[in-house]
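These notes are about the structure you will find just below.
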Amino acid sequence: MKAVVRVLLALCALGMLAGCASGLMTKAGAMPAPASGKAMVVFMRPSMFGGAIQSSVYDTHGTHNTFIGIVSAKTKVAYQADPGDHLFMVIAENADFMNATLEAGKTYYVLVKPRVGVWKARFSLIPVHNDPKAEYSLQSKDFTEWQAATQYVVNSPAAEQWYAEHRADIEAKQQDYMKKWEAMDPADKAVLTLRAGDGT
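Quick note on numbering: the sequence shown equals residues -18 to -1, 1 to 182 in mature numbering (1 follows the signal peptide of the UniProt record, and there is no 0).
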């Protein structure tokens, strides 16, 4: 019996059980504006698909990562970023990446999109473009619904502790999937790029 309990606790720590990791984030009030000299990137996950699985997002910097937060189903997190080029990452069963070029004073939106994985849900980062003709558009009815469906949350001390405890595993997964990202066709990478003009 004790062995079963230990296994369940370990799974919970990895965000594999429903509701476990969502408690690491704290509900907040109104969405902030970009800080002075910064761009703001909002990662939103309106879908309930794979709701038992938590996705964590990061700003990668080559030599280190910045932990942005854990994005549960029906939540969104906001990240104050330096202007310029970034490579964002989402971690779950897999790791996936998205390029971004950001301008100070603008707010950008990224969809954290679940998809079917081998053992649990995988996730991709989908840029939401400032273009009414785009598949994922700020001007779409879907975007309005995504905004309404998601609760703004912020990191708690427990979330920061979770990241510290799992950092080595996250970085190992990052290195593994980075090889696939680097081998990706440039045209496919271009689809996964948040452009400077996508900010509002």
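Think of the CB as a built atom: it goes at the ideal place given N, C-alpha and C, for glycine as much as any other residue. The model shown is predicted, which means the values in this text are computed figures rather than measured ones.
Practice prompt. Please check the pair T89 and G181, which I expect to be a contact at CB under 8 Å, by giving their CB distance rounded to whole angstroms.
Written response: For the purposes of this step, residue 89 is taken as the residue at position 107 of the sequence shown. For the purposes of this step, residue 181 is taken as the residue at position 199 of the sequence shown. At roughly 6 Å, the Cβ-Cβ gap stays under 8 Å, so T89 and G181 are in contact.
Item to complete: Quick one: give me the first and last residue of the alpha helix (DSSP H) that M160 is part of.
Response: By one-based count along the sequence shown, residue 160 stands at place 178. Run containing M160: P139 to A165, per the alpha helix (DSSP H) assignment.
Worksheet item: Okay, do the segment 168 to 180 and the segment 46 to 61 touch, 3+ Cβ pairs below 8 Å being the bar?
Response: Result no; under three Cβ-Cβ pairs closer than 8 Å.
Worksheet entry | Own chain, CB closer than 6 Å to G19, minus 5 neighbours either side, in chain order | Stepping through the sequence shown from its first residue, residue 19 is reached at position 37. In the same chain as G19, and ignoring 5 residues on each side of it, the C-beta atoms closer than 6 Å to its own belong to A86, in chain order.
Item to complete: Using beta-carbon positions only, say whether V110 and G51 come within less than 9 Å of one another.
Response: Position 128 of the sequence shown, counted from the start, is the residue given in the question as residue 110. Position 69 of the sequence shown, counted from the start, is the residue given in the question as residue 51. No, these two residues do not count as a Cβ contact at 9 Å.
Worksheet item: What's the call for M26, buried or exposed, on a 16-neighbour Cβ count within 10 Å?
Response: Working through the sequence shown from its first residue, we reach residue 26 at position 44. Burial call: buried.
Item to complete: Can you tell me which of W144, Y91 and T132 puts its alpha carbon nearest to the alpha carbon of K56?
Response: For the purposes of this step, residue 56 is taken as the residue at position 74 of the sequence shown. Answer by Cα proximity: T132.
Discussion item. Determine whether the beta carbon atoms of K155 and A77 lie at a separation below 9 Å.
Written reply: Here residue 155 corresponds to residue number 173 of the sequence shown, with the count starting at 1. Here residue 77 corresponds to residue number 95 of the sequence shown, with the count starting at 1. Between K155 and A77, the C-beta gap is smaller than 9 Å, which places the two residues in contact.
Discussion item. Measuring only the C-alpha atoms, how far is P16 from Q143?
Written reply: Position 34 of the sequence shown, counting from 1, holds the residue named residue 16. Position 161 of the sequence shown, counting from 1, holds the residue named residue 143. Taking the straight line joining both Cα atoms gives about 26 Å.
Fill in: Neighbour-count burial assignment, P114, 16 or more Cβ in a 10 Å radius
Mapped onto the sequence shown, residue 114 falls at position 132. It counts as exposed.
Fill in: A116 versus S122 - alpha carbon distance
Taking the sequence shown and counting its residues from 1, one reaches residue 116 at position 134. Taking the sequence shown and counting its residues from 1, one reaches residue 122 at position 140. Approximately 9 Å between the Cα atoms of the pair.
Item to complete: Have a look at K162 and A60 and give me their C-alpha separation to the nearest angstrom.
Response: By one-based count along the sequence shown, residue 162 stands at place 180. By one-based count along the sequence shown, residue 60 stands at place 78. The alpha-carbon atoms of K162 and A60 are separated by roughly 27 Å.
Practice prompt. Just the C-alpha distance for F125 and P14, rounded to the nearest angstrom, thanks.
Written response: Here residue 125 refers to the residue found at position 143 when the sequence shown is read from its first residue. Here residue 14 refers to the residue found at position 32 when the sequence shown is read from its first residue. Answer to the nearest angstrom: the Cα atoms are 18 Å apart.
Practice prompt. State the Cα-Cα distance for the pair G(-4) and L120, rounded to the nearest angstrom.
Written response: The residue given as residue -4 occupies position 15 in the sequence shown. The residue given as residue 120 occupies position 138 in the sequence shown. For G(-4), the predicted model reports a pLDDT of 41, less than 50, meaning its position is unreliable; a value from the coordinates is still stated below. Taking the straight line joining both Cα atoms gives about 30 Å.
Item to complete: With a 10 Å radius around its C-beta and 16 neighbouring C-beta atoms as the bar for buried, classify K95 as buried or exposed.
Response: One-based indexing of the sequence shown puts residue 95 at position 113. Buried, since its Cβ has 16 or more Cβ neighbours within 10 Å.
Fill in: Cβ pair A63, L84 closer than 9 Å
In the sequence shown, residue 63 corresponds to position 81, counting from 1. In the sequence shown, residue 84 corresponds to position 102, counting from 1. Result yes, Cβ atoms of A63 and L84 sit closer than 9 Å.
Worksheet item: Can you tell me whether DSSP reads T126 as helix, strand or coil?
Response: Stepping through the sequence shown from its first residue, residue 126 is reached at position 144. For T126, the secondary structure class from DSSP, reduced to helix, strand or coil, is helix.
Worksheet item: Excluding sequence positions up to five away, which residues of its chain have a Cβ less than 6 Å from the Cβ of L176?
Response: For the purposes of this step, residue 176 is identified with residue 194 of the sequence shown, where counting begins at 1. The residues A82, Y90 and P109, in chain order, have a CB closer than 6 Å to that of L176 in the same chain once the five nearest residues on each side in sequence are set aside.
Discussion item. Which of the three DSSP states is assigned to L6 in this structure?
Written reply: Within the sequence shown, the letter at position 24 stands for residue 6. DSSP places L6 in helix when its eight states are reduced to three.
Worksheet item: P168 by DSSP, collapsed to three states: which one?
Response: Position 186 of the sequence shown holds residue 168. Judged by DSSP in its simplified three-state form, P168 adopts helix.
Fill in: Among M166, G179 and M160, the one whose alpha carbon lies nearest that of F70
Residue numbering aside, residue 70 sits at position 88 when the sequence shown is read from its first letter. Out of M166, G179 and M160, M160 has the C-alpha closest to the C-alpha of F70.
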